[in-house]
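In my numbering, the protein residues as written are 1174 to 1333.
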């Protein structure tokens, strides 16, 4: 088992889309759909390094939430989770730093291999920054009903 409880880890591993919510400078939340990549400890997302507002928002306020709620994006699963945590932007090597996540990405979405073959034709797509999320708290609805009482997990206690 990694940092998160096993049902949430399975949900993350299945998720082709997660909803990343960041906080704008004016305090309003804004949500972006992204592919979550989980390594057993942290959650990674990639973002275009060029003109990315979400990266700007994270630099100002690293408190984020990642929700997995779309049953289609998780192969029909009905459970849901929201993971709250601290994010940081990793952009030291936008040309290839994200490639360390390629094995996780390829297991989840094999089409990335076809994109890699088009790297010369799509150069701006591959200028990627990584968003690294350290989970702090997880909220889990085993039955998928957001109106029911969720299980709330303090990830820092679980990991300690």
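Glycine is no exception: its CB is placed at the ideal position from the N, C-alpha and C atoms.
Check: When DSSP labels each residue in this structure, what does residue 1325 get in the three-state scheme?
Finding: The answer is strand: DSSP assigns residue 1325 an E or B state.
Next item on the list: State the DSSP-derived secondary structure class of residue 1180, mapped to helix, strand or coil.
Entry: Reduced to three states, the DSSP call for residue 1180 is helix.
Checklist line | Given residue 1245 as reference, the closest of 1236, 1222, 1284, 1191 once Cα atoms are compared | finding: Minimum Cα distance to residue 1245 is reached at 1191.
Check: Would you call the CB atoms of residue 1274 and residue 1211 closer than 7 angstroms?
Finding: Between residue 1274 and residue 1211, the CB-CB gap reaches or exceeds 7 angstroms.
Next item on the list: In angstroms with no decimal places, state the Cα-to-Cα distance between residue 1295 and residue 1194.
Entry: Only weak support exists for where residue 1295 lies, its pLDDT of 49 falling under 50; the coordinates are left without a value.
Next item on the list: With a threshold of 16 other CB atoms inside 10 Å of the CB of residue 1247, please say whether the residue is buried or exposed.
Entry: The residue in question, residue 1247, is buried, as its Cβ has 16 or more Cβ neighbours within 10 Å.
Notebook entry, point to check: If you compare alpha carbons, which of 1196, 1186, 1182 is closest to residue 1276?
Noted result: When 1196, 1186, 1182 are compared, the shortest CA-CA separation from residue 1276 is found for 1186.
Check: Would the beta-carbon of residue 1260 fall within 7 angstroms of that of residue 1237?
Finding: The answer is yes: Cβ separation under 7 angstroms.
Checklist line | Residue burial classification, residue 1258 (beta-carbon count within 10 angstroms, cutoff 16) | finding: Buried, since its Cβ has 16 or more Cβ neighbours within 10 Å.
Checklist line | Strand pairing of residue 1192, partner residues [DSSP] | finding: DSSP, once it has assigned bridges, lists 1206, 1240 as partnering residue 1192.
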